[in-house]
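Peer 1: In the working numbering, the protein residues as written are 444 to 843.
The structure's right below; bear with me while I get my questions together.
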């Protein structure tokens, strides 16, 4: 984000002496993107941020994917992935189960009830959507309070941990990029300000407001990073002092929260295509959301989507609230994912096209990811699949 923030104590001039009350120096760290050529922030640490006491292998949860072959649409029931009360011992980092993935993006789901380890994703930015529950995301920049409907944007290599709160589990839909995640470019001025036609603005973004200072020695941090052949690898670092030792920072790169209820839907007289619902984008994918909204008001409009072929992309829809009119009769409900792959023409279920005529409002909530490379199915996707979904438009089982 090109939205500047300053939190805690920073010196008047960057790259100059910033001294502790005892006269010693704080240690300045530049956290920046694209090799000093894009957004960055300067963080001021009590201890040397490069100091590590140990490094061992961390076995990252299963990241393998299976090709969607033969090519077919799929329905994944994510609420089936975690048994009753299992979530109480699950954390929001190591408990993630991979649902779908390719070389650009990995989509996981977790139901968590316990505090995660300290964690840093060095592969890319993360966009985590909180389906339900509440908690705190503690980061090297400060703490973020999160709840239902929050998108949490975590820049690449941000050290953080998830702390669920309350008596209910934290249900999180995790979109992990191999790149950066930012608002759609067409919403931004050439200097990075969100423009008047954007469906949200800087006032809707909630970043850390004060430093989160923590004490500790021999502190473990799990790091997800690139392997030699491009695969996902993991390392467990031990830091001699706690990485949450930042007394202040400023810049345009930091974690923030955006609630889906602050997205102002773009509507029209006839059906609006998916780009009207876009919120973020990364390399090789976009993120859209479908929110409660007034629908098409042309006297002859058909409010549900027209049938369409995904020529260049796979479409993933996560259904997280309301009633999704176009999918009635398919078995899809709260916590479902639909995967409609490139090469397959898809659209509303039988009867939905006709039933939508005359409807004035859709009460639906869904997060969509469109990818421009084909997606494979992860172990979590294989474990939660509804095998009948592909045949629901025809109304019969496949031929044997």
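Virtual Cβ for every residue (Gly too), placed ideally from N, Cα, C.
On a predicted model such as this, the values are computed, not experimentally measured, just so you know.
#1: Could you round the C-beta distance between residue 755 and residue 785 to whole angstroms and report it? I think they count as a contact, below 8 Å.
#2: Would you check if the distance between the CB atom of residue 623 and the CB atom of residue 726 is smaller than 9 Å?
#3: Excluding the five sequence neighbours on either side, which residues of its own chain have a C-beta within less than 6 Å of the C-beta of residue 577, listed in chain order?
#4: Given 8 Å as the limit, is there contact between the stretch 804-820 and the stretch 755-772, that is, 3 or more CB pairs closer than that?
#5: Whose CA, out of 631, 615, 447, 523, lies closest to the CA of residue 555?
#6: Taking 9 Å as the threshold (C-beta atoms), are residue 747 and residue 698 in contact?
#7: Enumerate, from N- to C-terminal direction, the unbroken beta strand (DSSP E) stretches of 3 or more residues contained entirely within the stretch 707-764.
#8: Taking the runs of the alpha helix (DSSP H) that are 4 residues or longer, which of them lie wholly in the stretch 768-810?
#9: In chain order, which beta strand (DSSP E) runs of at least 3 residues are fully inside the stretch 609-634?
#10: Could you check whether residue 508 and residue 818 sit closer than 9 Å to each other, using their CB atoms as the reference points?
#11: Using DSSP bridges, identify the partner residues of residue 829.
#12: Rounded to the nearest angstrom, what separates residue 806 and residue 733 at their Cα positions?
#13: With H, G and I counted as helix, E and B as strand and the rest as coil, what does DSSP make of residue 667?
#14: Is there contact between the stretch 646-657 and the stretch 567-584, where contact requires at least three CB pairs shorter than 8 Å?
#15: Rounded to whole angstroms, what's the CA-CA distance from residue 843 to residue 664? Just pull it up for me.
#16: Are the CB atoms of residue 779 and residue 519 nearer to each other than 9 Å?
#17: Tell me whether residue 723 is buried or exposed, calling it buried when 16 or more other Cβ atoms sit within 10 Å of its Cβ.
Peer 2: Let me spell this out:
#1: 6 Å
#2: The answer is yes: Cβ separation under 9 Å.
#3: Within the same chain, 590, 608, 609 come within 6 Å of residue 577 by CB-CB distance, once the 5 residues on both sides are set aside.
#4: Contact between the stretch 804-820 and the stretch 755-772 is present: 3 or more CB-CB pairs across the two stretches fall below 8 Å.
#5: 615
#6: Between residue 698 and residue 747, the C-beta spacing is not below 9 Å.
#7: 721-725, 728-733
#8: Taken in chain order, the whole alpha helix (DSSP H) runs of length 4 or more contained in the stretch 768-810 are 795-798.
#9: Counting whole runs of 3 or more residues, the stretch 609-634 contains the beta strand (DSSP E) stretches 613-620.
#10: yes
#11: 518
#12: Going by the C-alpha atoms only, they are around 9 Å apart.
#13: strand
#14: They touch, by the three-pair rule.
#15: Residue confidence for residue 843 is low, a pLDDT of 47 falling below 50, so the modelled location carries little weight; the figure read from the coordinates is stated next. So the two alpha carbons sit approximately 51 Å from each other.
#16: yes
#17: buried
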